[in-house]
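Counting in the numbering used here, the sequence shown runs from 41 upward without gaps.
Below is one structure; the comments refer to it alone.
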Amino acid sequence: MSNQTIHYDYIIIGAGAAGLMLAKAMSLDSFFDRSSILLLDKDSKTTNDRTWCFWEKGKGSFDHLVSKDWKHIQFAAKGFSKDYDIAPFTYKMVKGLDFYEDALNYISTKSNIHFKIEEVLSIEDKNEFALITTQNQTYSSKKVFNSMFSYDMANHQTKYPVLQQHFLGWKIKTDQSVFDKNKATFMDFSVPQKGNTRFMYVLPFSDNEALVEYTLFSKDLLPKAEYKAALTTYISENLQIKNFEIVETEFGSIPMTCYPFSKNNSRHIYHIGTAGGWAKPSTGYAFMSTARKIPFLIHHLKTNKPLNILEFKNRFWYYDLILLDVLAKNNSQGHSIFTSIFRKRSPQLLFNFLGENTSLREELYFVWSCPKWLFIKNLLIRILHKK
Ligand SMILES: Cc1cc2nc3c(=O)[nH]c(=O)nc-3n(C[C@H](O)[C@H](O)[C@H](O)COP(=O)(O)OP(=O)(O)OC[C@H]3O[C@@H](n4cnc5c(N)ncnc54)[C@H](O)[C@@H]3O)c2cc1C
C-alpha cells in the first residue's frame, strides 16, 4: 500500500445504480469539469448481476437501454385474476450490464473522473475531510458519496421495522411457446403464503423465455432450497411447463424500512442509493427513485450547501411507515392488502401513488382501498406510542 494519501474533490464509493447515475450526471455537467472525481468499486461491473424494472409514462432517459417493455400487466391471487392495460404507463426493463457499460463509457471520456477497482476497507469522517482506505491506497475528500449498504445500518434499532424484499429469479427457456410476451405478471399471490407475503413475478421476454421470480416481503431470508422448490412447483403446476432450462439466475434482498438512513450522514460523508434509504420502503423499487434524486443532489452540490442538510423525506414516508408496520405485524396479510388494492383501484393510480405523484385526495382514495381496520389500528399505535 502506498502511504501517500491522494486527495479528490469528490469521491463516489460504489459504481452501482446510484454511484453511476451520480458519476454520469457529473460527467455531463460542465460545472464539474475542473473537479477531480474518484469512483471506486471492488467490482469491475462487467457482469449482468441484475435486471431493473420500473414504470414510466411515455419516453424516458433510459429508453436507449430498455431491452423489453410491457403495456399490460396481470395481478393474480387465490380466486382473483385480472389483466390490466397500464397506458399511459409502460413497464420497462434495463439489464444491469447495459446500464453499467453505458455509464462507464460516458465517464471514460472525462479525464477528471477516475474509475478504480479497489475494495474500500474503511471510511472515517475526520474533522477536515473524510479518509477512505482501500487495500491499495488511502484517499481523502471533503465530499464522499457512499453507496455501500449493510443491514447493520438499520438493524441496530427497533423503532422502524426492517423487512426485506427477497427473491430468487430464474431466467428460463422452454421448448414450447408458453408465454404471452406482451404481459408481465406483476404479482401472483396464488402461491402458498405460509404466514408471509409471498408472490411470483413473471417477466416474459418472448413466447419461450421469461424471468420467473419467487419474491417475499418478510423479515428473514429462506433457505436457498425453499426458493428453488417454490419456483419449480410454480413453473410446473401453475405455468404448466414440463421442460425448461435455467439460463440465468438472480438473487436479491432489498431493505424495506422507514429507518432514516440519513442519520448515517456526516459532515463529509453522504449516503446514496439503498445505503441512503433511496429504495422505496414499501416496495423495494429503487432504480427510478434514485434517478429522480440525482438532479437534486447535483443542484445541491452546485449551490455548495452542506451535504448533511439534503433530505428527501416527504408525506409518502408516512404511508410507507404504516404499510410496513402492518406487514411487519401481520406478515400473512400482504396478499389480502394487495388483492384489495388491485380489485378496487387501477394500476395507474397505484403507479402514481408509488411514484409519489398523487394529490392528497387521490392518496386518501387509494389508502381507502386497503383493509381499514389493519391500517387504522397501526396508525393509532404509531400515534399513541409517538413512535
Ligand atoms: C437482483 C436485484 C434486482 C433488482 N431489481 C430491481 C428492479 O427491478 N427495480 C428497482 O427499482 N429496483 C430493483 N432492485 C433494487 C435496486 O434498484 C438495486 O439494488 C440497485 O442496484 C441499488 O443501487 P445502489 O447503487 O444503491 O446499490 P448497488 O447497485 O448494489 O451498488 C453498490 C456498489 O457498491 C459496491 N461495493 C460494495 N461494497 C464495496 C466495497 N467494500 N468497496 C468498494 N465497492 C463496494 C458494489 O460492488 C456495488 O457496485 C434490485 C436489486 C437487486 C439486488
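All residues carry an ideal CB built from backbone N, CA and C; glycine is no exception.
Whole-angstrom distance between ALA270 and LYS234, CA atom to CA atom: 12 Å
Pair within 8 Å by beta-carbon distance, LYS135 and ASN88: Yes, they are a contact pair.
Nearest to PHE415 (by Cα), restricted to the options GLY374, LYS384, ASP165 and ARG355: GLY374
ILE286 - containing beta strand (DSSP E), residue span: 284 to 296
Cβ-heavy atom distance, LYS211 to ligand 1, below 7 Å: For ligand 1, not one heavy atom lies less than 7 Å from the Cβ of LYS211.
VAL366: first and last residue of the uninterrupted alpha helix (DSSP H) it sits in: First-last of the alpha helix (DSSP H) with VAL366: 356 to 369.
Residue from SER306, TRP413, ARG385 and ILE113 whose Cα sits closest to the Cα of GLU403: ARG385
Chain-ordered residues, beta carbon under 5 Å from a heavy atom of ligand 1: Output, sorted by chain position: GLY54, GLY56, ALA57, ALA58, ASP81, LYS82, ASP83, ARG90, TRP92, CYS93, GLU159, VAL160, SER187, MET188, GLU290, GLY292, ILE294, GLY313, THR314, TYR325, ALA326 and PHE327.
Beta-carbon proximity check, ILE53 vs MET188, cutoff 8 Å: yes
Same chain, Cβ closer than 8 Å to LEU508, five either side skipped, listed in chain order: The question about residue 508 has no answer, for the chain in this structure spans 41 to 427.
Cβ-based burial, THR86 [other Cβ within 10 Å; buried from 16]: exposed
Residue range of the alpha helix (DSSP H) that includes GLN388: 387 to 394
Per DSSP, the bridge partner or partners of LYS211: LEU251 and GLU288
Stretch pair the stretch 290 to 310 + the stretch 155 to 165: three plus CB contacts closer than 8 Å: yes
C-beta contact flag for LEU79 and ILE153 at 8 Å: yes
CB-CB length for ASP247 against LYS268, believed under 8 Å: Contact doesn't hold; Cβ gap of about 25 Å is too wide.
Opening and closing residue of the alpha helix (DSSP H) in which ILE147 lies: Note, ILE147: alpha helix (DSSP H), 136 to 148.
Burial state of GLU277, where buried means 16 or more other Cβ atoms lie within 10 Å: By the 16-neighbour rule on beta-carbons within 10 angstroms, GLU277 is exposed.
Alpha helix (DSSP H) segment containing LEU243, residue limits: It is not in any alpha helix (DSSP H) - LEU243 instead sits in the beta strand (DSSP E) that spans 237 to 246.
Touch test, the stretch 286 to 304 against the stretch 332 to 340, Cβ-Cβ under 8 Å, three pairs minimum: no
DSSP state of LYS47 mapped onto helix, strand, coil: The displayed chain sequence assigns His, not Lys, to residue 47. Here HIS47 sits in strand by DSSP.
DSSP bridge partner residues for TYR179 (one or two, in chain order): ILE46 and ILE172
Cβ separation of GLU159 and LYS82, assumed to be a contact under 8 Å, to the nearest whole Å: Between GLU159 and LYS82, the beta carbon gap of about 4 Å places them in contact (Cβ cut-off 8 Å).
Alpha-carbon to alpha-carbon, LEU347 and GLU290: 34 Å
Beta-bridge partners of ASP450, as assigned by DSSP: With the chain running from 41 to 427 in the structure shown, residue 450 is simply not present.
Through-space distance from LYS353 to ILE423, alpha-carbon basis: 18 Å
Residues near PRO244 in its chain [Cβ-Cβ closer than 6 Å; skip 5 each side]: Shown here for PRO244: same chain residues with a beta carbon closer than 6 Å to its own, the five before and five after excluded, namely PHE219, LYS221 and ALA250 in chain order.
Where ALA326 sits in the DSSP three-state scheme: coil
The beta strand (DSSP E) enclosing ILE77, as first and last residue numbers: Where ILE77 is concerned, the enclosing beta strand (DSSP E) stretches over 77 to 81.
Classification of SER70 by the beta-carbon crowding that lies within 10 angstroms, buried from 16 upward: By the neighbour-count criterion, in which 16 or more other beta carbons inside 10 Å mark a residue as buried, SER70 falls on the exposed side.
Which residues DSSP lists as bridging HIS206, in chain order: LEU256 and SER293
Of the listed residues ASN186, LYS282, ALA315 and LYS111, nearest to SER293 (C-alpha basis): When C-alpha distances from SER293 are compared across ASN186, LYS282, ALA315 and LYS111, the shortest belongs to ALA315.
Exposure label - GLY98; buried when at least 16 CB within 10 Å: Taking all protein chains in view, the Cβ of GLY98 is surrounded by fewer than 16 other Cβ atoms within 10 Å, so the residue is classified as exposed.
Nearest candidate by alpha-carbon position, reference SER101, set GLY209, PHE139 and SER84: For the residues GLY209, PHE139 and SER84, the minimum Cα distance to SER101 belongs to PHE139.
Proximity to LEU68 [Cα-Cα], best of ILE126, ILE147, ASN43 and ALA55: The candidate whose alpha carbon is nearest that of LEU68 is ILE147.
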